[in-house]
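Following: one structure in structure tokens, then a few remarks.
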């Protein structure tokens, strides 16, 4: 993809962040099946995600776009292979996210409320994890809560 860096720089930066920032949350966007991606390149991406236990990922299968350099690149990845890689990486994403989130169950956290209903609200924690809580807090407010369980990548808990 003509990046000016390679995976060794990413490993260096991620390891440095992990050692210096407590409970750092890694997120990212990954395109699977970019022209020229072979099984080895995919496995390297998969292992990178696994090693750093991403809190979330947006995964996209590559598709040609008009007026892009990538559209004319050789070695297109077969659609079946592309979607199989997408499924494998998405399963890892769910597992990594759940593993990351479990570390915070029962611990006090803050939520920035982004939407509210009559007696509940949704928002994001300080490390950008989605959360839902029974509260009368309004959008834009910050409240403390304790996450009690996780469903589909969302904390559910009680307000303090």
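Numbering (the numbering used here), first residue to last: 1325 to 1484. Built from N, CA and C at the ideal position, the CB exists for glycine as well.
For residue i, which residues from the same chain have a beta carbon less than 8 Å from its beta carbon, with the 5 sequence-adjacent residues on both sides left out?
{"i": "residue 1484", "result": "1432, 1467, 1468, 1469 and 1470"}
How would you label residue i, buried or exposed, when you count the other beta carbons within 10 angstroms and need 16 or more for buried?
{"i": "residue 1474", "result": "buried"}
{"i": "residue 1381", "result": "buried"}
{"i": "residue 1481", "result": "buried"}
{"i": "residue 1472", "result": "exposed"}
Determine the DSSP secondary structure at residue i, reduced to helix, strand or coil.
{"i": "residue 1472", "result": "strand"}
{"i": "residue 1351", "result": "strand"}
{"i": "residue 1310", "result": "Here the chain has residues from 1325 to 1484 only, and residue 1310 is not among them."}
{"i": "residue 1417", "result": "helix"}
{"i": "residue 1386", "result": "coil"}
Residue range of the alpha helix (DSSP H) that residue i falls in?
{"i": "residue 1459", "result": "Taken as a continuous stretch (DSSP letters only), residue 1459 belongs to no alpha helix (DSSP H), as it is neither H nor E."}
I'd like the span of the beta strand (DSSP E) that includes residue i, first residue to last.
{"i": "residue 1331", "result": "From DSSP, residue 1331 is part of no beta strand (DSSP E) but of the alpha helix (DSSP H) over 1331-1344."}
{"i": "residue 1369", "result": "Per DSSP, residue 1369 belongs to no beta strand (DSSP E); it is in the alpha helix (DSSP H), 1363-1376."}
Quiz item: Can at least three beta-carbon pairs, one atom from the stretch 1436-1447 and one from the stretch 1394-1404, be found at a separation below 8 Å?
Solution: no
Quiz item: Does the stretch 1336-1353 come close enough to the stretch 1372-1379 that 3 or more CB-CB pairs lie under 8 Å?
Solution: yes
Practice problem: Taking 8 Å as the threshold, find out whether the stretch 1400-1409 comes into contact with the stretch 1455-1463 through three or more Cβ pairs. | Solution: no
Quiz item: Would you say the stretch 1414-1424 touches the stretch 1385-1392, given that touching needs at least three Cβ pairs under 8 Å?
Solution: Too few Cβ pairs lie closer than 8 Å, so no.
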